[in-house]
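Chains as they are written, first to last, in the numbering used here: chain A, 574 to 943; chain B, 574 to 943. Structure first, commentary second.
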């Protein structure tokens, strides 16, 4: 167990690093944020900062010497960065989870091996392989780069065979994956925290709704049958254990009309679809992440309210800020980004509702627009 | 209303400054902490730091130029410091509230003028005045320095006339005040937030219990008759308005056996007896302080749980830390103090209980020892 006053090193200074650093500070830890951009959201709240590239070996060695443990805030940190740090300082989670989360094919393969169902998929390297994959999976289907995609980037939807040519031209020569289109009823997220001693705790399942390929709303708890909620939590717990993960793990899943859950994507870090936990649970995802990384015990999260989280995306969203700030039942979080470009996540707002409220409404999102 | 990315200057880098800075960061603000000690708890989480004495005029001028608004975390910041800053940058709360809170005689006088009852007291400058005050108020009574006292320092209890000589010798030549001993049933705290527009919101009344003259437990909500709770909240709201305060105001009061409340002390800043609000309310005292200082709307605090807060005092308290960290219903806060001397407040732990739990127990403190 890291004693108070120890330093947690965080690779990446975005909002996830910032909220992790704030949670670490509440527990008495110092944070040292490492990343390529000065004055990043995370650095603004850290006791120490290193502005350097993730490939800067000398800076990484100094960072390792200055911290007691290292974690990361996003899964596109180069695996080589963790490879360089791992011999010098404990890295939690380790590079194995990072590598798997960085590659859609490695991820699908690992999920299947861990007994967690995924939708039909094929690896695609060549134009001919794409045609074969389309023939096997049928259309519509989604062609994706295997690496570095997020928020809908690096993707193309194929609706008819004629779409294949342009999609392949746009996304190759990167390694690709074709995923069968899943006629899902809803997208849900399950989040687990796993401690150094192997303890796993899970949050209630949440429902995600997207706008322009970016997460717009998370509704928690998801209004699904109990058996689905139990299954979703069991999947993410099994995956955290299979990964030997220390920290937070998020698993996005599709809920099919027949009640089955198919895993879509995982992220071995605090996740946007878990932001609601900060305000609706006794212990939120960032606190549990820090606890895991610091070797502290992991308590049950203890949800005390229903909640609806809305992302504040792009500078236009600031117009809603004064109205949201005036709502007594809304928790407002703003990330301190100095460059408020369109499409960037600048903050989020979580409406807190009495436990059980969501169950009484056909469409919870209509219950209280944010 | 300060836009996101604005900088809040905080005079003082102790735990109150730290928790204010964390609350400000959640709302998207940058913090600049000014204080005499490097690597203070507040500076560890601030975007910018100035290590300088409160009387350093040049450093204060640079600080004023670097921030959009100034607040303070403790009432012993020299009033001259705010006098120097006020022409350069908005200071919230202003120097008037600071001056009143720094002097027990000014405080009693202001409280009485605001219609808030206080116990009998006399100003004492000379040995003869002390004898006259003892004759007027009776014994026991408490002799206090009018300034710079906290956590029982600068105080002497007079139980018999023979105690006067030694107490006067120890505490003079500082200006003194003799306060009649109040045979109170309990000590309670009321906390208000007052916004730039004059809006006042109040938290539920809380009960305080001390050990070795330092706050040990806060039990919230205080288990008192409704009329007492209403009166306590009305007192602190009236005082905030009378002070024209912008920010948080704490008012400690004695509850007499006949149900009357007598004001004891006020503090124009977030207060130890309000730490429970961080975890038992939708909006805690530090968030409301930042909102007031930044000109944001002040929502109702929205308590969702009963709570018992325990201070972690001195390095011996760290022994309890692992046990507290393992409790799912305990929120742990550690302040990052690098010098963990005996008697210092190093953190606090708040046990969260279902609303209404406290009312079912004769002595809530026995309900769940921390």
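Don't be surprised by glycine CBs; every beta carbon is placed ideally from N, CA and C. Since this is a predicted model, take the numbers as computed values, not measurements.
Need the endpoints of the alpha helix (DSSP H) that residue i sits in, please.
i: residue 861 of chain A; result: 858-867
i: residue 894 of chain B; result: 894-898
i: residue 674 of chain B; result: 668-675
i: residue 637 of chain A; result: 630-639
i: residue 743 of chain A; result: 737-744
i: residue 815 of chain A; result: 799-815
Determine the burial state of residue i: buried for a count of at least 16 other Cβ atoms within 10 Å of its Cβ, exposed for fewer.
i: residue 591 of chain B; result: buried
i: residue 933 of chain B; result: exposed
i: residue 907 of chain A; result: buried
i: residue 806 of chain B; result: buried
i: residue 707 of chain B; result: buried
i: residue 830 of chain A; result: exposed
i: residue 615 of chain A; result: buried
i: residue 803 of chain A; result: exposed
i: residue 574 of chain A; result: exposed
i: residue 721 of chain A; result: exposed
i: residue 929 of chain B; result: exposed
i: residue 747 of chain B; result: exposed
i: residue 924 of chain B; result: buried
i: residue 732 of chain B; result: exposed
i: residue 952 of chain A; result: Because chain A here runs from 574 to 943, residue 952 of chain A falls outside it and cannot be looked at.
i: residue 774 of chain B; result: buried
Anything in chain A within Cβ reach of residue i, meaning under 8 Å, just list it in chain order.
i: residue 587 of chain B; result: Under the 8 Å cutoff, chain A gives no residues; its nearest Cβ is about 14 Å from residue 587 of chain B.
i: residue 584 of chain B; result: None at all; the shortest Cβ gap to chain A is about 19 Å.
i: residue 737 of chain B; result: Near residue 737 of chain B there are no residues of chain A at all, since even the closest Cβ is about 44 Å away, more than 8 Å.
Counting only Cβ pairs nearer than 7 Å, list the residues of chain D close to residue i.
i: residue 907 of chain B; result: Here chain D cannot be found, since the structure's protein chains are A and B.
Considering just the uninterrupted stretch of the beta strand (DSSP E) at residue i, what are its terminal residues?
i: residue 782 of chain A; result: 779-784
i: residue 879 of chain B; result: 879-886
i: residue 846 of chain A; result: It is not in any beta strand (DSSP E) - residue 846 of chain A carries neither H nor E in the DSSP assignment.
i: residue 654 of chain B; result: Careful: residue 654 of chain B lies outside any beta strand (DSSP E), inside the alpha helix (DSSP H) at 652-658.
i: residue 534 of chain B; result: No statement about residue 534 of chain B is possible, as the shown extent of chain B runs from 574 to 943 and does not include it.
i: residue 702 of chain B; result: That residue, residue 702 of chain B, is in no beta strand (DSSP E); its alpha helix (DSSP H) goes 700-710.
i: residue 911 of chain B; result: No beta strand (DSSP E) holds residue 911 of chain B; DSSP gives it neither H nor E.
i: residue 789 of chain B; result: 787-793
i: residue 625 of chain B; result: Run containing residue 625 of chain B: none; DSSP gives neither H nor E here.
i: residue 582 of chain B; result: 580-584
i: residue 751 of chain A; result: 749-753
i: residue 646 of chain A; result: Taken as a continuous stretch (DSSP letters only), residue 646 of chain A belongs to no beta strand (DSSP E), as it is neither H nor E.
i: residue 762 of chain A; result: 759-767
i: residue 720 of chain A; result: Residue 720 of chain A -> no beta strand (DSSP E), and no H or E assigned at all.
Who are the neighbours of residue i on chain B, taking C-beta pairs under 7 Å?
i: residue 799 of chain A; result: In chain order: nothing, as chain B lies at least about 22 Å away.
i: residue 892 of chain A; result: Per Cβ cutoff of 7 Å: no residues; residue 892 of chain A is ~12 Å from chain B at best.
i: residue 667 of chain A; result: By Cβ distance, chain B contributes nothing, its closest Cβ being about 23 Å from residue 667 of chain A, past 7 Å.
i: residue 793 of chain A; result: Chain B residues near residue 793 of chain A: none, gap ~16 Å exceeds 7 Å.
Identify the contact partners of residue i in chain A, using a Cβ-Cβ distance below 9 Å as the criterion.
i: residue 895 of chain B; result: 574, 869 and 870
i: residue 898 of chain B; result: 574, 600, 864, 869, 870 and 872
Since residue i meets chain A, which of its residues come closer than 7 Å, beta carbon to beta carbon?
i: residue 911 of chain B; result: 578
i: residue 595 of chain B; result: 595, 598 and 599
Please list the partners that residue i has in chain B, where partner means a Cβ-to-Cβ separation under 9 Å.
i: residue 641 of chain A; result: Result: empty, since nearest Cβ-Cβ is about 14 Å, beyond 9 Å.
- prompt: Going along the segment 691-715 of chain B in order, which residues come within less than 7 Å of chain A, judged by CB to CB distance?
  reply: none
query: Do three or more CB pairs link the segment 833-848 of chain B to the segment 667-684 of chain B at distances below 8 Å?
result: yes
query: For the segment 859-889 of chain B, which residues have a CB atom closer than 7 Å to at least one CB atom of chain A, in sequence order?
result: 869, 870, 872, 873, 875, 877 and 878
query: If we count Cβ pairs, one from each stretch, closer than 8 Å, do we get three or more for the segment 697-706 of chain A versus the segment 842-862 of chain A?
result: Using a C-beta cut-off of 8 Å, the segment 697-706 of chain A makes no contact with the segment 842-862 of chain A, since fewer than three inter-stretch Cβ pairs fall below that distance.
message: Taking contact to mean 3 or more Cβ pairs, one atom from each stretch, closer than 8 Å, check whether the segment 762-778 of chain A and the segment 821-828 of chain A are in contact.
response: yes
query: Below 8 Å, can you find three or more Cβ-Cβ pairs linking the segment 745-755 of chain A to the segment 708-717 of chain A?
result: By the Cβ test, the segment 745-755 of chain A is in contact with the segment 708-717 of chain A, since at least three Cβ pairs between them sit closer than 8 Å.
- request: Evaluate contact between the segment 915-922 of chain B and the segment 879-890 of chain B, counting only Cβ atoms and requiring at least three cross-stretch pairs below 8 Å.
  value: yes
task: Give, in chain order, every residue of the segment 768-787 of chain B whose Cβ lies closer than 8 Å to some Cβ of chain A.
output: none
- prompt: What residues in the segment 915-935 of chain B bring their beta carbon closer than 7 Å to a beta carbon of chain A?
  reply: 920 and 925
message: Taking 8 Å as the cut-off, does the segment 575-586 of chain B touch the segment 605-619 of chain B (at least 3 CB pairs, one atom from each stretch)?
response: yes
Contact set between the segment 614-633 of chain A and chain B, restricted to residues whose Cβ is under 7 Å from the partner: 617, 618 and 620
- prompt: For the segment 840-860 of chain B, which residues have a CB atom closer than 8 Å to at least one CB atom of chain A, in sequence order?
  reply: 852, 855 and 856
field: Positions along the segment 802-824 of chain A whose CB lies within less than 8 Å of some CB in chain B
entry: none
task: Mind the definition here: the segment 790-801 of chain B touches the segment 628-646 of chain B only if three or more C-beta pairs lie below 8 Å; say whether that holds.
output: no
query: Counting Cβ pairs, one atom from each stretch, are 3 or more of them under 8 Å apart for the segment 811-819 of chain A and the segment 684-691 of chain A?
result: yes
query: Per the contact definition of three or more C-beta pairs closer than 8 Å, is the segment 623-638 of chain A in contact with the segment 645-659 of chain B?
result: Put simply, the segment 645-659 of chain B does not touch the segment 623-638 of chain A. Fewer than three CB pairs are less than 8 Å apart.
- request: Count the CB pairs spanning the segment 894-901 of chain A and the segment 855-870 of chain A that are closer than 8 Å, and state whether there are at least three.
  value: Counting Cβ pairs under 8 Å, fewer than three are found: no touch.
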